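Chains as they are written, first to last, in my numbering: chain A, 54 to 394; chain B, 54 to 394. Report on the structure given below.
There are 2 protein chains.
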Amino acid sequence: MTIVPVILSGGGGTRLWPLSTPIRPKQFLALTDDRTMFQLTLDRVSDANVFAAPIVVANAAHADVVDAQCGNNDAVVLLEPCARNTAPAIALAALAATDPKAVLLVMPSDHIITDVAAFHAATVAALPLVEAGWMVTYGITPTGPETGYGYIQMGEALGGGLQKVARFVEKPDLVRAEAMLAEGNHSWNGGIFLFRADAYLEALAIYAPEMLAAAQKAMAAANREGNRITPDADAFAACPSDSIDYAVMEKAERVAVVPVNMGWSDVGSWDALYDLNTKDAAANAVTGTARLDAATGNLIHADGIRVSIHGLDDLIVVANGREVMIMPRGSSQNVRTFAKD
Amino acid sequence: MTIVPVILSGGGGTRLWPLSTPIRPKQFLALTDDRTMFQLTLDRVSDANVFAAPIVVANAAHADVVDAQCGNNDAVVLLEPCARNTAPAIALAALAATDPKAVLLVMPSDHIITDVAAFHAATVAALPLVEAGWMVTYGITPTGPETGYGYIQMGEALGGGLQKVARFVEKPDLVRAEAMLAEGNHSWNGGIFLFRADAYLEALAIYAPEMLAAAQKAMAAANREGNRITPDADAFAACPSDSIDYAVMEKAERVAVVPVNMGWSDVGSWDALYDLNTKDAAANAVTGTARLDAATGNLIHADGIRVSIHGLDDLIVVANGREVMIMPRGSSQNVRTFAKD
Numbered sequence: 054m055t056i057v058p059v060i061l062s063g064g065g066g067t068r069l070w071p072l073s074t075p076i077r078p079k080q081f082l083a084l085t086d087d088r089t090m091f092q093l094t095l096d097r098v099s100d101a102n103v104f105a106a107p108i109v110v111a112n113a114a115h116a117d118v119v120d121a122q123c124g125n126n127d128a129v130v131l132l133e134p135c136a137r138n139t140a141p142a143i144a145l146a147a148l149a150a151t152d153p154k155a156v157l158l159v160m161p162s163d164h165i166i167t168d169v170a171a172f173h174a175a176t177v178a179a180l181p182l183v184e185a186g187w188m189v190t191y192g193i194t195p196t197g198p199e200t201g202y203g204y205i206q207m208g209e210a211l212g213g214g215l216q217k218v219a220r221f222v223e224k225p226d227l228v229r230a231e232a233m234l235a236e237g238n239h240s241w242n243g244g245i246f247l248f249r250a251d252a253y254l255e256a257l258a259i260y261a262p263e264m265l266a267a268a269q270k271a272m273a274a275a276n277r278e279g280n281r282i283t284p285d286a287d288a289f290a291a292c293p294s295d296s297i298d299y300a301v302m303e304k305a306e307r308v309a310v311v312p313v314n315m316g317w318s319d320v321g322s323w324d325a326l327y328d329l330n331t332k333d334a335a336a337n338a339v340t341g342t343a344r345l346d347a348a349t350g351n352l353i354h355a356d357g358i359r360v361s362i363h364g365l366d367d368l369i370v371v372a373n374g375r376e377v378m379i380m381p382r383g384s385s386q387n388v389r390t391f392a393k394d
Numbered sequence: 054m055t056i057v058p059v060i061l062s063g064g065g066g067t068r069l070w071p072l073s074t075p076i077r078p079k080q081f082l083a084l085t086d087d088r089t090m091f092q093l094t095l096d097r098v099s100d101a102n103v104f105a106a107p108i109v110v111a112n113a114a115h116a117d118v119v120d121a122q123c124g125n126n127d128a129v130v131l132l133e134p135c136a137r138n139t140a141p142a143i144a145l146a147a148l149a150a151t152d153p154k155a156v157l158l159v160m161p162s163d164h165i166i167t168d169v170a171a172f173h174a175a176t177v178a179a180l181p182l183v184e185a186g187w188m189v190t191y192g193i194t195p196t197g198p199e200t201g202y203g204y205i206q207m208g209e210a211l212g213g214g215l216q217k218v219a220r221f222v223e224k225p226d227l228v229r230a231e232a233m234l235a236e237g238n239h240s241w242n243g244g245i246f247l248f249r250a251d252a253y254l255e256a257l258a259i260y261a262p263e264m265l266a267a268a269q270k271a272m273a274a275a276n277r278e279g280n281r282i283t284p285d286a287d288a289f290a291a292c293p294s295d296s297i298d299y300a301v302m303e304k305a306e307r308v309a310v311v312p313v314n315m316g317w318s319d320v321g322s323w324d325a326l327y328d329l330n331t332k333d334a335a336a337n338a339v340t341g342t343a344r345l346d347a348a349t350g351n352l353i354h355a356d357g358i359r360v361s362i363h364g365l366d367d368l369i370v371v372a373n374g375r376e377v378m379i380m381p382r383g384s385s386q387n388v389r390t391f392a393k394d
């Protein structure tokens, strides 16, 4: 059987400002590789022996960059007329699947997975339960007491390494995160899911019937042009906005977690990018042209601007277009202060 | 009588890189005012009751910017085919003076004088000795034990507040600078001079006859076009290169100093510019567009690039064209590391 990748490209992304902008959010940037994160996501599910052509759900404003970065493949591109969070986006994809029983592998397009083999193995391990109608979420093995992610408490073993989800846990404070790590049996919620299209739509019918109705109406009146599908704007605008976690996963009965340790990162900040990047002997991570003199531990990202630093350590310096941002490493959440303008 | 201003614009200027460049050195930049330092220098000697039209000595490569910044005045512009330091540059100006006994006021074009009245008063005070054939240097009242300037030890009183120069002192180390300040009777050598053209040329004839001969030959074969004079390139290239201090002032007999406290600065570094600039309530000195969040004591100079800083203090950040330079305040001499490339 084949798996249909559903690639979510809805993020607006201010967390890597000034590199990421509403016009070119994080997924369309090459941050860790020659390929953009969107392209890396496509490449991860490109083996035609396992995966069908993907369904991409994207902001209509990004139609051209999606086309350009898809290259020549047969992706179906669903262009959202407005943003309604993940649950409606996935509903559109489930309704677009040609086979109602198609297994959907739902993935954000702006995450990094360095051990793709582990990702594929987890997917294979999850398939039997998914074919039996379960909805599976990928539980990322925590590498520290992160407070920026939701957690999943894992319960009863279901075979093949999968466990029933005992509970979804909101982003915790540090004390709570450390307690979960000490307790074990918790994983990070990475926002990656595997389920049959019909299982998801049935769950929506029970837990979010208005959302399902709006998505169905938007798809029935959709504009179709080649591989592009644009759901009806008015119908989709009427759809309630909610995440798949809140709308479905936390409520449904047959929800399992497949634990996986696959070098995952959501590249959610400049500090996260520093951790991912290759460092030189002075622990500087440099992308672009920079001259560093008596300077260590800096993250430099320079596009078309040359950065020259003397005598400063542990900075984040991002030069892009007509913007330069400078802050100490460890404080990159403060980028929001600037990105909102 | 009138005084002929001689404005020296030969500096290549790397100390305010990346703002100053060989194409547009410091004197042609507006750093402390709407007007450039070159324009401020012209304005300082624009009173037609006291000053004749100036003679500007500039690098031939800067002919157009000199014209543009001179505006409509009747400046004679001497375009040096190559750089030979200040003594030959002033020799060209002395030879270009229509009256051999003209009093020349020689000034660098990249210094700041905030108390112009004090400057004028010192000039008036120096005139009697100058008319009697003395050469006068302006002795800047020291405001601290600077190690970046040469010093003048002042000797015998000559009337009108002037004193004979006892000795020129090279740039001292800190201990020596502090000792001179404690001793008193020392001033900074600001590179500003007042003398009759013929007095200077006579001193050259005695102490630097080859230089005088080369300058005379270059002027005899000069190309003259409107107000522009271009000395002969081969003849001027053969001229020994030397500063007026070494070639003449340290050797001549009748050399006086006029002490003056006139808010002088050579704006010789980004740190010096920070001291001169207006600061906001958080002690940030900002030129251009910047957003500063939890950031104090920074010098920001941004041309066409917006600078956003969070959580950093006491930095120098200069964004210009396609260059961004960042270093801690107090270390701006290190700019040379970058400017040379």
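Think of the CB as a built atom: it goes at the ideal place given N, C-alpha and C, for glycine as much as any other residue. This one's a predicted model, so the numbers in the text were calculated from it and none came from an experiment.
Here A309(A) has L182, W187, V189, L211, L215, Q216, K217 and V218 as same chain residues with Cβ atoms under 7 Å from its own Cβ, once five neighbours each way along the sequence are excluded. Taken through DSSP and simplified to helix, strand or coil, N387(B) comes out as helix. Closer than 7 Å at the C-beta level to chain A, one finds these residues of the segment 347-370 of chain B: G357, I358, R359, V360, S361, I362, H363, G364, L365 and V370. Our two residues, E263(A) and R389(A), have alpha carbons roughly 33 Å apart in a direct line. Counting C-beta pairs closer than 8 Å gives fewer than three between the segment 342-352 of chain B and the segment 272-282 of chain B, which falls short of the contact rule.
Counting along the chain, A343(B) sits inside the beta strand (DSSP E) bounded by residues A343 to D346. Spatial neighbours of V159(A) in its own chain (CB-CB distance under 7 Å, excluding positions within 5 residues in sequence) are listed in chain order as V59, L61, I143, I245 and F246. Per the C-alpha coordinates, the member of V311(B), V119(B), L257(B) and S322(B) positioned closest to K304(B) is L257(B). Chain A has no Cβ within less than 8 Å of the Cβ of T340(B). When the alpha-carbon of M380(A) is set against those of A149(A), L84(A) and N351(A), the nearest one is in N351(A). For N387(B), the closest C-alpha among the options D333(B), W70(B) and G65(B) is that of W70(B). Using beta-carbon distances, P381(A) counts as an interface residue toward chain B, with a partner under 8 Å. For Y299(B), the closest alpha carbon among the candidates R77(B), V119(B), E223(B) and A146(B) is that of E223(B). About 18 Å separates the CB atoms of V98(A) and I193(A); that is not less than 8 Å, and the two are not in contact. A direct Cα-Cα distance of roughly 12 Å separates L157(A) from V103(A).
Shown here, I282(A) sits in a strand according to DSSP, grouped into three states. For the segment 202-248 of chain A, the full-length beta strand (DSSP E) segments reaching 3 residues or more read 204-212 and 215-222 along the chain. R375(B) reaches chain A at G357, I358 and R359, counting residues in chain order whose Cβ is nearer than 8 Å. Per the coordinates, the alpha-carbon of A114(A) lies some 12 Å from the alpha-carbon of T283(A). For K393(A), same chain residues with a beta-carbon under 8 Å away, outside a window of 5 residues either side, are T67 in chain order. For D117(A), no beta strand (DSSP E) run applies; the uninterrupted alpha helix (DSSP H) run containing it begins and ends at A116 to C123, by DSSP. In summary, I259(B) is exposed, with fewer than 16 beta-carbon neighbours lying within 10 Å of its beta-carbon over all protein chains present. By the Cβ neighbour-count rule, N238(B) is exposed, with fewer than 16 other Cβ atoms within 10 Å of its own. Secondary-structure assignment with DSSP links R277(A) through a beta bridge to I282(A). Residue contact check for A266(B) against chain A: no CB pair falls below 8 Å. In the DSSP assignment, H173(B) falls within the alpha helix (DSSP H) that extends over V169 to E184. Distance between N330(B) and G316(B), taken at the CA atoms: about 13 Å. Per the DSSP secondary-structure output, T190(B) pairs in a beta bridge with F246(B) and V310(B). Taken atom to atom, the span from the alpha-carbon of V311(A) to that of A147(A) is near 21 Å. For D356(B), the enclosing beta strand (DSSP E) covers residues L352 to D356. Within chain B, no residue has its beta carbon less than 9 Å from that of A336(A); the closest one is some 17 Å off. Of all residues in the segment 279-300 of chain A, none places a beta-carbon less than 9 Å from a beta-carbon of chain B.
Annotated as proximal: F289(A) and P134(A), with beta-carbon spacing under 8 Å.
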